[in-house]
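Asker:
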Amino acid sequence: SLNGFDHYMLKEIYEQPESIRNAMRGRLDDQDATAVFGGLNLTPQQLRSVERIVLTGCGTSWHSALVGEYLIEELARIPVSVEYASELRYRNPPMENNTLVFGITQSGETADTLAALRETKRKGHRTLAICNVVASSIAQAADGGVYLHAGPEIGVASTKAYTSQCCVLAMLALYFGRTRHMSYEGGKRLIEELRRLPAAVQQALTTDEQVRDVAKKYCNATNFLYLGRQYNFPTALEGALKLKEISYIHAEGYPAAEMKHGPIALVDKDTPSLFIVPRGTTHDKVMANMEEVKARGGPIIAVASHDDPHIEAIADDVIRVPSVQEFLQPIVTVVPLQLLSYHIALLRGCDVDKPRNLAKSVTVE
Ligand code: M6R
Numbered sequence: 254s255l256n257g258f259d260h261y262m263l264k265e266i267y268e269q270p271e272s273i274r275n276a277m278r279g280r281l282d283d284q285d286a287t288a289v290f291g292g293l294n295l296t297p298q299q300l301r302s303v304e305r306i307v308l309t310g311c312g313t314s315w316h317s318a319l320v321g322e323y324l325i326e327e328l329a330r331i332p333v334s335v336e337y338a339s340e341l342r343y344r345n346p347p348m349e350n351n352t353l354v355f356g357i358t359q360s361g362e363t364a365d366t367l368a369a370l371r372e373t374k375r376k377g378h379r380t381l382a383i384c385n386v387v388a389s390s391i392a393q394a395a396d397g398g399v400y401l402h403a404g405p406e407i408g409v410a411s412t413k414a415y416t417s418q419c420c421v422l423a424m425l426a427l428y429f430g431r432t433r434h435m436s437y438e439g440g441k442r443l444i445e446e447l448r449r450l451p452a453a454v455q456q457a458l459t460t461d462e463q464v465r466d467v468a469k470k471y472c473n474a475t476n477f478l479y480l481g482r483q484y485n486f487p488t489a490l491e492g493a494l495k496l497k498e499i500s501y502i503h504a505e506g507y508p509a510a511e512m513k514h515g516p517i518a519l520v521d522k523d524t525p526s527l528f529i530v531p532r533g534t535t536h537d538k539v540m541a542n543m544e545e546v547k548a549r550g551g552p553i554i555a556v557a558s559h560d561d562p563h564i565e566a567i568a569d570d571v572i573r574v575p576s577v578q579e580f581l582q583p584i585v586t587v588v589p590l591q592l593l594s595y596h597i598a599l600l601r602g603c604d605v606d607k608p609r610n611l612a613k614s615v616t617v618e
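Residue numbers 254 to 618, in UniProt numbering, belong to the letters of the sequence shown in order.
(1) State the DSSP-derived secondary structure class of Thr459, mapped to helix, strand or coil.
(2) Identify every residue that forms a DSSP beta bridge with Met508.
(3) CA-CA distance, Glu445 and Ala276?
(4) Can you tell me whether DSSP reads Thr535 as helix, strand or coil?
(5) When the Cα atoms are used, what is the spatial distance from Ile572 to Ser339?
(6) Under 7 Å between the Cβ atoms of Thr366 and Gly292?
(7) Counting only runs that start and end within the segment 294-331, where is the alpha helix (DSSP H) found for 4 or more residues in a row?
(8) Quick check on the DSSP output: the beta strand (DSSP E) that includes residue 620 runs from which residue to which?
(9) So within the UniProt domain "SIS" (467-608), which uninterrupted beta strand (DSSP E) runs reach at least 3 residues, ignoring any that extend past its ends?
(10) When DSSP builds the beta bridges, which residues end up paired with Leu281?
(11) Please determine whether the Cβ atom of Ser272 lies at a distance below 6 Å from any heavy atom of the ligand M6R.
(12) Grab me the residues of Gly602's own chain with a C-beta within less than 6 Å of its C-beta, minus the 5 sequence neighbours each way, in chain order.
(13) For Ala410, count neighbouring Cβ atoms within 10 angstroms of its own Cβ and tell me buried if that reaches 16, exposed if not.
(14) Could you give the DSSP three-state label for Phe429: helix, strand or coil?
(15) Alpha carbon to alpha carbon, how far is His596 from Lys469?
(16) Comparing the CB of Cys311 with every heavy atom of the ligand M6R, is any distance shorter than 6 Å?
(17) Can the beta-carbon of Ala426 be found closer than 7 Å to that of Ala414?
(18) What residue range is occupied by the uninterrupted alpha helix (DSSP H) comprising Glu340?
(19) Name the residue from Glu326, Glu265, Gln393 whose alpha carbon lies nearest to the alpha carbon of Gly408.
(20) Gly408 by DSSP, collapsed to three states: which one?
(21) At a cut-off of 6 Å, would you count Ser389 as near the ligand M6R, judging by its Cβ distance to the nearest heavy atom?
(22) Is the number of C-beta pairs between the segment 576-585 and the segment 452-465 that are closer than 8 Å three or more?
(23) Kindly examine the ligand M6R and report whether one of its heavy atoms sits closer than 6 Å to the Cβ of Thr363.
(24) In the DSSP assignment, find the alpha helix (DSSP H) that holds residue 200 and state where it starts and stops.
(25) Excluding the 5 residues preceding and the 5 following Arg342 in the sequence, name in chain order all residues of the same chain whose CB lies nearer than 7 Å to its CB.
(26) With distances taken between CB atoms, is the gap from Phe477 to Pro525 smaller than 7 Å?
(27) Quick one: Cα of Thr432 to Cα of Glu511, how far?
(28) Please classify Tyr479: is it buried, with 16 or more other beta-carbons within 10 angstroms of its beta-carbon, or exposed?
(29) Secondary structure at Thr352, three-state DSSP: helix, strand or coil?
(30) Could you tell me which residues DSSP puts in a beta bridge with residue 196?
(31) Classify Val387 as helix, strand or coil using the three-state DSSP reduction.
(32) Judging by CA-CA distance, which residue of Met262, Glu362, Ile584 is the nearest neighbour of Val605?
(33) Please state if the CB of Ser558 and the CB of Pro583 are separated by a distance shorter than 7 Å.
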């Protein structure tokens with residue numbers, strides 16, 4: 254049921270502190286400072302011998318794969334490649350013997366993801382699923398995997414499944430990291446950061462009113478740019494996809510620094526740029542990109558850290574989110590972007606839970 258919410262999408266956005274908690278329940282091991290998973294079905298030898306990880310999926314699940322790539326490479330130092338399932342199934346790339354493949358999917362029924370997993374499995378690679386729906390086709394076809402435990406996601410726009418996927422990928426990075434170079438102390442710190450997430454997401458939800466005002470201001474735009482770097486490059490793609498899907502506004506996501514290689518030509522007074530610019534390694538570089546947009550008369554919305562002192566000087570609208578470690582930021586910064594697409598869609602009279610031309614799961618090629 255809708256539990257007092259107007260739409261499933263909004264209800265599911267608000268469920269995220271709880272769905273993230275459920276993704277972590279029973280999976281953080283303080284004793285060994287690692288993560289534990291019941292269903293990976295990997296022996297310690299198999300685990301140790303993994304030389305490459307392939308993450309595959311479609312749409313929003315492909316975006317979480319991009320977050321996973323950054324996480325696993327940084328925390329576990331295992332090379333990762335991210336593949337669109339629809340491309341992987343026909344591309345026939347060479348894959349080393351010790352390649353582990355993860356199919357990421359909310360529904361577990363996406364035809365391309367299922368086909369990509371079957372193909373890699375047929376070639377003898379260990380094939381696992383990161384999936385929400387228990388006993389779905391992909392969960393059954395895989396050699397093992399991790400369930401999201403996010404509860405049913407009804408809104409066509411994926412929200413809570415995405416943040417849970419990112420959370421599971423962070424725990425997998427911890428798990429793989431701890432079988433390799435990551436110290437006990439390092440594992441401990443990561444677990445502490447993960448435990449702070451539900452409260453941080455709760456805090457990010459309090460931006461709702463303010464996001465609604467931003468939505469009012471920009472709901473008649475016909476183009477939007479979403480820009481972020483590093484861990485928040487996938488956030489930019491995800492924010493743009495949410496807006497396209499349910500508001501039918503053309504939006505593009507880019508790594509912020511790519512802007513000057515083309516997309517900046519789109520900037521004018523009617524094209525808002527949304528920058529995801531929390532504190533972190535590339536913060537100052539992204540601020541410089543914001544200056545470039547401002548100089549060309551483009552309106553700027555910034556999703557920034559709660560204590561960023563300089564942001565108001567450049568951005569027209571600032572949405573502040575709590576600070577978390579850089580590698581967990583996407584789980585927090587995506588929340589106002591989900592809310593923005595929701596409010597803009599409502600203001601434009603769109604059917605947020607059932608956007609035109611789309612189905613909840615894409616079971617055809
Ligand atoms: O169920 P899946 O995660 O496999 O679905 C993949 C995509 O179809 C899905 O994420 C789609 O992009 C969503 N509508 C995005 O909100």
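Backbone N, C-alpha and C fix where the C-beta goes; we use that ideal spot for every residue, glycine too.
Bear in mind that the values here come from a model prediction, so they are computed numbers and not experimental data.
Answerer: Taking the definition as stated:
(1) One-based indexing of the sequence shown puts residue 459 at position 206. Residue state, collapsed to three classes: coil.
(2) Along the sequence shown, one-based indexing puts residue 508 at 255. Inspection of the sequence shows that residue 508 is occupied by Pro rather than by Met. Bridge partners of Pro508: Gly481.
(3) Counting from one through the sequence shown, the residue named residue 445 turns up at place 192. Counting from one through the sequence shown, the residue named residue 276 turns up at place 23. Answer to the nearest angstrom: the Cα atoms are 15 Å apart.
(4) Here the question's residue 535 lines up with position 282 in the sequence shown. Residue state, collapsed to three classes: coil.
(5) One-based indexing of the sequence shown puts residue 572 at position 319. One-based indexing of the sequence shown puts residue 339 at position 86. Roughly 35 Å separates the two Cα atoms.
(6) Position 113 of the sequence shown holds residue 366. Position 39 of the sequence shown holds residue 292. Taking 7 Å as the Cβ cut-off, Thr366 and Gly292 do not qualify as a contacting pair.
(7) 297-301, 312-329
(8) The structure shown does not extend to residue 620, since the chain is modelled only from 254 through 618, so no value can be given for it.
(9) 476-481, 503-508, 526-530, 553-558, 570-574
(10) For the purposes of this step, residue 281 is taken as the residue at position 28 of the sequence shown. For Leu281, which the question treats as bridged, DSSP gives the partners Ala288.
(11) On the sequence shown, residue 272 is found 19 positions in, with the first residue counted as 1. No.
(12) Taking the sequence shown and counting its residues from 1, the one referred to as residue 602 is at position 349. No residues qualify anywhere along the chain.
(13) Within the sequence shown, residue 410 is the residue found at index 157, counting from 1. Buried: at least 16 other Cβ atoms inside 10 Å.
(14) By one-based count along the sequence shown, residue 429 stands at place 176. Phe429 falls in the helix class under three-state DSSP.
(15) Residue 596 sits at position 343 when you count from the first residue of the sequence shown. Residue 469 sits at position 216 when you count from the first residue of the sequence shown. One C-alpha to the other measures close to 8 Å.
(16) The residue given as residue 311 occupies position 58 in the sequence shown. Yes.
(17) Locating residue 426 in the sequence shown gives position 173, counting from the first residue. Locating residue 414 in the sequence shown gives position 161, counting from the first residue. Against a cut-off of 7 Å, the Cβ pair of Ala414 and Ala426 comes out as no contact.
(18) In the sequence shown, counting from the first residue as 1, residue 340 sits at position 87. Run containing Glu340: 338-344, per the alpha helix (DSSP H) assignment.
(19) Numbered from 1 along the sequence shown, position 155 holds the residue referred to as residue 408. Answer by Cα proximity: Glu265.
(20) As a working mapping, residue 408 is identified with position 155 in the sequence shown. DSSP places Gly408 in coil when its eight states are reduced to three.
(21) By one-based count along the sequence shown, residue 389 stands at place 136. Result no, Cβ not under 6 Å from the ligand M6R.
(22) yes
(23) By one-based count along the sequence shown, residue 363 stands at place 110. Checking the Cβ of Thr363 against the ligand M6R gives yes.
(24) This structure cannot settle anything about residue 200, because the visible part of the chain is limited to 254 through 618.
(25) Numbered from its first residue, the sequence shown carries residue 342 at position 89. These residues qualify, in order along the chain: Asp365, Ala368, Ala369, Glu372.
(26) The sequence position of residue 477 within the sequence shown is 224, counting from 1. The sequence position of residue 525 within the sequence shown is 272, counting from 1. Their beta carbons are under 7 Å apart, which means Phe477 touches Pro525 by this criterion.
(27) Along the sequence shown, read from residue 1 onward, the residue named residue 432 stands at position 179. Along the sequence shown, read from residue 1 onward, the residue named residue 511 stands at position 258. So the two alpha carbons sit approximately 36 Å from each other.
(28) In the sequence shown, the residue the question calls residue 479 occupies position 226. Counting Cβ neighbours within 10 Å, Tyr479 comes out buried, since at least 16 surround it.
(29) One-based indexing of the sequence shown puts residue 352 at position 99. Strand at Thr352.
(30) Past the edges of the chain, shown from 254 to 618, lies residue 196, and the structure says nothing about it.
(31) One-based indexing of the sequence shown puts residue 387 at position 134. Coil at Val387, not helix or strand.
(32) Taking the first residue of the sequence shown as position 1, residue 605 is located at position 352. Considering only alpha carbons, the answer is Met262.
(33) Sequence index remark: in the sequence shown, residue 583 carries index 330 (1-based). Sequence index remark: in the sequence shown, residue 558 carries index 305 (1-based). Cβ atoms of Pro583 and Ser558: not closer than 7 Å.
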